[in-house]
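> Handing you this structure, nothing more for now.
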Amino acid sequence: MQLSVDPASATPPYEQIRAQVAERARSGELPAGLRLPTVRALAEELGLAAGTVARAYRELEADGVVETHGRRGTLIAATGDTAHRLAAEAATEYAERVRRLGLSRGDALAAVDTALRLVFPEG
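In structure tokens, the structure reads:
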């Protein structure tokens, strides 16, 4: 697995790793069940602190992209179902919170639209 980190980038190294692994998992380049390098091995390969790689792995796990299985290591998860399930859970939590706040459906959708435009400025 070839990953690269641009030290001159404004994007933190852990986020560069997270984004590359997530995209490759979504595209199928990294198939479900593939074992990722250990935190220490990848950190050494990239010339980074182990904590930086560990943070990327934690965020990938929180996003459902990878699963950690103790001694078996960190594996690429079957992301399609997991990603959609986690998105649906987050959407439900958001909907319940805006209802408690007394916002209208239109206001709630406008807030989501604004947030998505900030996160996905290209489209």
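Residue numbering for the sequence shown is 127 to 249, as defined by my numbering.
A virtual CB, placed ideally from N, CA and C, is assigned to each residue, including glycine.
Whose C-beta lies closer than 6 Å to the C-beta of A148 among residues of the same chain, with five residues either side of it excluded?
Against the sequence shown, residue 148 aligns to sequence position 22. So the qualifying residues of the chain are V191.
> Leaving aside the five residues before and after T178 along the sequence, list all residues of the same chain whose C-beta is less than 6 Å from its C-beta, in chain order.
Here the question's residue 178 lines up with position 52 in the sequence shown. Around T178: P139 and Y140.
> Quick one: give me the first and last residue of the beta strand (DSSP E) that L201 is part of.
Position 75 of the sequence shown, counted from the first residue, corresponds to residue 201. First-last of the beta strand (DSSP E) with L201: T200 to I202.
> Decide if Q144 is buried, meaning its Cβ has at least 16 other Cβ atoms within 10 Å, or exposed.
Locating residue 144 in the sequence shown gives position 18, where the first residue counts as 1. In the sequence as displayed, the identity of residue 144 is Arg instead of Gln. Buried, by the Cβ-count rule.
> Assign T137 to one of two classes, buried (16 or more other C-beta atoms within 10 Å of its C-beta) or exposed (fewer than that).
Walking along the sequence shown from the start, residue 137 turns up at place 11. Its Cβ having fewer than 16 others within 10 Å, T137 is exposed.
> Pairing CB atoms from the region 128 to 135 with CB atoms from the region 167 to 182, are three or more of them under 8 Å?
Taking 8 Å as the limit for Cβ pairs, the verdict is that the region 167 to 182 does touch the region 128 to 135.
> What are the boundary residues of the alpha helix (DSSP H) that T240 is part of?
Here residue 240 refers to the residue found at position 114 of the sequence shown. Element bounds for T240: R231 to V245.
> Compute the Euclidean distance between the alpha carbons of T164 and T200, then round it to the nearest angstrom.
Translated into the one-based positions of the sequence shown, residue 164 becomes position 38. Translated into the one-based positions of the sequence shown, residue 200 becomes position 74. Roughly 7 Å separates the two Cα atoms.
> For E193, which of helix, strand or coil comes out of DSSP?
Along the sequence shown, read from residue 1 onward, the residue named residue 193 stands at position 67. E193 falls in the strand class under three-state DSSP.
> Could you spell out the range, first to last residue, of the alpha helix (DSSP H) harbouring E149?
Reading the sequence shown from its first residue, position 23 is the one you call residue 149. That run of the alpha helix (DSSP H) goes P139 to S153.
> Would you report the Cα separation of A203 and E193, rounded to the nearest angstrom?
Locating residue 203 in the sequence shown gives position 77, where the first residue counts as 1. Locating residue 193 in the sequence shown gives position 67, where the first residue counts as 1. Cα to Cα, the separation comes out at about 6 Å.
> Keeping to the same chain, check which residues put their C-beta closer than 8 Å to that of V238; ignore five residues upstream and five downstream.
Counting from 1 along the sequence shown, the entry for residue 238 is found at position 112. Within the same chain, V238 has close Cβ partners Y220.
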